[in-house]
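Quick note: the sequence shown uses the working numbering, first residue 3, plus one each step.
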Amino acid sequence: MDYALSRSNMIEGQIKTNRVADPYVLDAMGAVPREVFVPTSKKGVAYIDDALEVGNGRFVLEPMVLARMLETAELDENDIVLDIGCNTGYSTAVLAKIVSMVVAIESDEELATAATKNLSQIGIDNAVVVTGDMKDGVEKQAPYNVILFNGAISQLPDSIKNQLADGGRLLVIEQGKATMSNVCVYTRNGDIFSKHDIMEAGVATLPGFEKESAFTF
3 MDYALSRSNM IEGQIKTNRV ADPYVLDAMG AVPREVFVPT SKKGVAYIDD ALEVGNGRFV
63 LEPMVLARML ETAELDENDI VLDIGCNTGY STAVLAKIVS MVVAIESDEE LATAATKNLS
123 QIGIDNAVVV TGDMKDGVEK QAPYNVILFN GAISQLPDSI KNQLADGGRL LVIEQGKATM
183 SNVCVYTRNG DIFSKHDIME AGVATLPGFE KESAFTF
């Protein structure tokens, strides 16, 4: 299979047609081999316009959704980014092609190990994968210019918000009441967080960020 051609078709047919024009995002997604980050059984469909399951109920984000989030983040080459729920490391690799440093956190040890291996395989040397509770973020490397969630969450923890630098951008997917979630960006100005909606998308929930069930008698 010609993965390079499939990658080019993904850029032209899925990403550019969905109002993504940032050359840094387009170049990064055109350079990272998505097939490396999915199971062998999924390599043939690595570039379809959909999220792909990578194991343990986790998914690599749909290319268009990730691209829209990254463009909204207005990434800069000097940025330090926190990538939450990196699973096999695809989003981390794309980010690392654009910014100075990526700190990725993953709660699933098996996926975190796979992410580290995948990043090394394609020569990414400005990213590190940390295994731990995703709700905690990685405080010792904070503050971050950009924070990105790789799945839907029911509530944005203060522990994560507090790790965003002043002027920073936080890309989050907020769970909706139905199957669609709201993709949005928060921008920090001192202690004020302003919100801007990007789009709606069907995105799987990140483990540990599920909505708590109401207590009933």
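Glycine residues also receive a C-beta, built at the ideal position from the N, C-alpha and C atoms.
The C-alpha of Leu72 lies about 23 Å from the C-alpha of Val47. Residue pairing by DSSP places Val101 opposite no residue, since no beta bridge is assigned to it.
No Cβ-Cβ contact shorter than 9 Å links Val187 with Leu208. Asn184 is positioned such that its CB atom lies no closer than 9 Å to that of Gly169.
When the five nearest sequence neighbours on each side are left out, the beta carbons in the same chain lying within less than 7 Å of the beta carbon of Lys44 are those of Leu54, in order along the chain. Leu84 and Gly139 do touch by the CB rule: their CB atoms are close to 6 Å apart, below 8 Å.
C-alpha of Gln143 to C-alpha of Gly87: approximately 16 Å in a straight line. Beta-bridge partners assigned by DSSP to Asp85: Ala106 and Leu150. Within the DSSP secondary-structure output, Lys197 pairs in a beta bridge with Tyr188.
Here Gly57 is bridged, per DSSP, to Arg60.
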